[in-house]
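So that you can map any letter, position 400 of the sequence shown is 383 in the working numbering, and since no number is skipped, the others follow by simple counting.
Take a look at the structure below.
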Amino acid sequence: MSTDAPARKLPDNAYTPLQPGETYQPAVPAEALVPELTARSVGWGLLLCVIFTVASAYSGLKVGQVMEAAIPISILAIGLARVYGRRSSLLENVIITGIGGLAGSVVAGAIFTLPALYILKLDPQPVQTIFICLAGGCLGVLFLIPLRRYFVRDMHGKLPYPEATAITEVLVTGEKGGSQAKLLLQATAISGVYDFLVTTFHVWKEYVDFQFLPAMQTLSERAKVALSFDAISFILGLGYVMGIRSSMILCAGGVLSNLVLVPLIWMIGSHLPDNAVYPAMIPIAKMTAAQIFRGYVRYIGVGAIATAGIFGILKSMRVVVGSFGVALRAFRRGEVSSGERTDRDIPILSILIGVIVSSIGVAALLGSLTASPIVILVGVVLTLVFSFFFTSVAANAIATTARNPVSGMTMLTIIISSIVLLRFGLSGTTGMFFVMAIAGMVCTALSVSGQAITDFKTGYWLGSTPAAQEKVKFLGVVAASIAVGLTIVVLATAFQFGEAAQGDTRVVLPSPQASIMKALVEGFMSRQPVAYILFGAGAAIAVVMEMLGVPALIFALGMYLPLELNTPALVGGIISYFVGRRSEQLGGSRGASIRERGVIIASGLMAGGALGGVFGAGCRLIPSFSEDWIRTPFYGNEMASQLISTILFGALCAYLWWGANRREKDAN
């Protein structure tokens, strides 16, 4: 076995659709034998997974933001590679990143649901919290494996994979060294410092809404038309990697939600100044644009996402069934897969056994809640169906926008599960625990599957063995589940989740997502009505998008996400378009260099932004932390602070354009 780690380079067709008869050859060829699954890669991956899981759990419960672990860990993997006498191979770094990256995904599944059980005073046992994460994480990996070839190989060049692109560029340029690595580190450093300052301290405004202008303020107050912009480098780089088409569709969904639906709902509801319209709790006439969005329009977005997910399932079902069919035929004949190393999954028998074992475990967990056998069976079926269904949704969403609609899909799980289980007579506190357990497993499954598809695509580009990546996923799920389960139990003892209870002097961790889920399941189990019209409107919008040939899921995600996250992505997409045009005009090696440098800088902006978020979350772990540790004199002045934020974001855009177009000799 060769232990050399020569510098690798991605092929020219890494990010473009393959022509008829063309094949993709990864950075590490299929016939190459390099260290991959080693004690070094697995050990460091598990350690980093546990560390980032604990930090992410506190960060998510405190401020509602989970650390994006994969990109920072990929950078750490490069640094660790130089510690040993034998420098770690590229594929070992992929394994470290893949295991460690599970931290954020398992945490997201946990903090969206499990704290709600504590807010409801249901106090789950530590074993229950761990198992909910473990079962969901394993189902997410198991159900994604048959989809891997479709999303990773068959859709090559047709999906942008923003986060996987960033990780891949980090690993390749970090190994390669030279001017490209310097360019990546430069962009990472600029982005890291920028995002760390703007998201952690009071230096200048992160969100730009121009409400200091009388015209914008009047428009917001009288028509509930509110423009907003999250001026951070991470989303700029994300939009660049997404490209102009995907970023425009994403932003179009946000425009429909915020500039069409919100004003329409306000215009109608303003004539009912004293009556609240379900599902909101206060009259529309007294609501802000943001409250209308959260109280009504987001439900429309959830319906659109769910319907788009159905279309995605239908489109990929033929490939999924075909994959299972081929594997089953090979199993019946006793054949061993003869595929290349870079296209070899774990055996279908292992997947089937894993699903069966997970189903038995889910049944045992639900059975401990004193439910009847028929209710337990319904709960298991709901868990399996939702986990499989949302696995495809999550994979598609991550592949196109790097945004996983976890909260929307979890809300949909709670709604449908509550409606179904109420018909079987399950309600009250038992029903709430039952539904939240299902939602926790489903939420973790779709979150883990989103991270896994990123890892599989990175491995496809670089030449990893899929079976090796799939095996270590289960180790990472176990480590992250134990870490997050115990962390939540400890935090539940020291803090209050949600809101302060009367007579309880413990510090409050807001747990924003779990508080929403708690209110939702409590409302349903108390037999409150369902906003079917809102979900149906979203479903109709998704159908219209499919009829027009527009990717419905990207548009639906744009409807669901706040507008301030969509607009900077559009700016990045526009820059990507003009950089691409200039690259085509110049052609040859000069044009190729422009394309490559643009992707590297954008990846650096994403990597640095993620690192800045990690450092910021780390600062918030300090008991005496205050955002006023660094405060500029002009921060409180909306006009000055927002104008400075706009100018600095414009400087980032100029840096991205200028850096991509610099000649290589000038860059050196």
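Glycine included, C-beta positions come from ideal geometry on N, C-alpha and C.
Query                                                                                                                       : Result
8 angstroms Cβ cutoff met for Ile584 and Gly642                                                                             : yes
Spatial distance of Asp(-13) from Arg573 (CA atoms)                                                                         : Low confidence applies to Asp(-13): its pLDDT is 43, below 50, so where it sits in the model is not reliable, and the reading given next is rough at best. Those two C-alpha atoms are separated by around 31 angstroms.
Under 8 angstroms between C-beta atoms of Ala378 and Ser432                                                                 : yes
Backbone secondary structure at Leu492 - three-state DSSP                                                                   : strand
C-beta atoms of Ala53 and Gly28 nearer than 8 angstroms                                                                     : no
Counted within 10 angstroms of its Cβ, other Cβ atoms place Ser(-15) as buried (16 or more) or exposed                      : At Ser(-15), the pLDDT of 40 sits below 50, so the modelled position is not reliable and the matter cannot be decided from this model.
Status (buried if at least 16 other CB within 10 Å, exposed otherwise) for Phe294                                           : buried
Whether Ala214 touches Pro606 by CB criterion (8 angstroms)                                                                 : no
Under 8 angstroms between C-beta atoms of Thr112 and Val472                                                                 : yes
Counterpart residues of Phe212 in DSSP-defined beta bridges                                                                 : Val191
Cβ shell of Leu492 (< 6 angstroms), same chain only, five flanking positions each side left out                             : Leu44, Lys45, Phe478, Phe480
Minimum Cβ-Cβ distance from Phe480 to chain D less than 8 angstroms                                                         : In the displayed structure, chain D is absent; only one protein chain is listed.
Touching by the beta-carbon criterion (3+ pairs, under 8 angstroms), the stretch 92 to 101 and the stretch 403 to 423       : yes
Integer-rounded CB distance, given that Ser229 should sit under 8 angstroms from Ile537                                     : 6 angstroms
Cross-strand partners of His254 (DSSP beta bridge)                                                                          : His254 is not bridged to any residue.
Spatially closest choice to Ser56 from Glu146, Leu335, Phe126, Glu204, by CA coordinates                                    : Residue identity check: residue 56 is Ile in the sequence provided, not Ser. That would be Glu146, whose Cα lies nearest to the Cα of Ile56.
Of the listed residues Thr151, Tyr101, Gly570, nearest to Lys(-8) (C-alpha basis)                                           : Thr151
Length of the line joining the Cα atoms of Pro356 and Pro18                                                                 : 49 angstroms
Every unbroken alpha helix (DSSP H) within the stretch 14 to 61, with a cutoff of 4 residues, ordered by chain              : 22 to 46
Reduced DSSP category for Ser321 - H, G, I as helix; E, B as strand; rest coil                                              : Residue placement at Ser321 cannot be trusted, given a pLDDT of 45 that sits under 50; the coordinates are not used to answer.
Phe35 beta carbon less than 8 angstroms from that of Gly68                                                                  : no
For Arg614, three-class secondary structure by DSSP                                                                         : strand
Anticipated Cβ contact below 8 angstroms, Ala463 with Thr374, distance rounded                                              : The pair is not a contact, with the Cβ atoms about 18 angstroms apart (cut-off 8 angstroms).
Cutoff 7 angstroms; reference Ser321; Cβ partners in own chain excluding five residues on either side                       : At Ser321 the pLDDT is 45, less than 50, meaning the model places this residue with poor confidence and gives no usable figure here.
Nonlocal neighbours in the same chain, by C-beta distance under 7 angstroms from Leu221, ignoring five residues either side : Pro145, Ala385, Ala552, Gly555, Met589
Alpha-carbon to alpha-carbon, Ala575 and Tyr560                                                                             : 15 angstroms
As assigned by DSSP and simplified to three states, the class of Phe134                                                     : helix
DSSP state of Thr(-1) mapped onto helix, strand, coil                                                                       : coil
From Ala525, His139, Asn549, Asp611, residue whose alpha carbon lies closest to that of Cys653                              : Nothing about residue 653 can be reported from this structure: the residues present for the chain run from -16 to 651 only.
Neighbourhood of Thr(-1) by C-beta, 6 angstroms cutoff - its chain only, sequence neighbours within 5 removed               : Gly140
Gln434 versus Ala91: straight-line alpha-carbon distance, rounded                                                           : 11 angstroms
Ser401 - containing alpha helix (DSSP H), residue span                                                                      : 389 to 406
Alpha-carbon to alpha-carbon, Gly350 and Tyr101                                                                             : 20 angstroms
Sequence-distant residues of its chain with Cβ nearer than 6 angstroms to Gly442 (five each side left out)                  : Val77, Gln452
Closest residue to Val345 among Ala287, Arg580, Ala118 (Cα-Cα distance)                                                     : Ala118
Arg131 vs Asp328 beta-carbon contact at 8 angstroms                                                                         : yes
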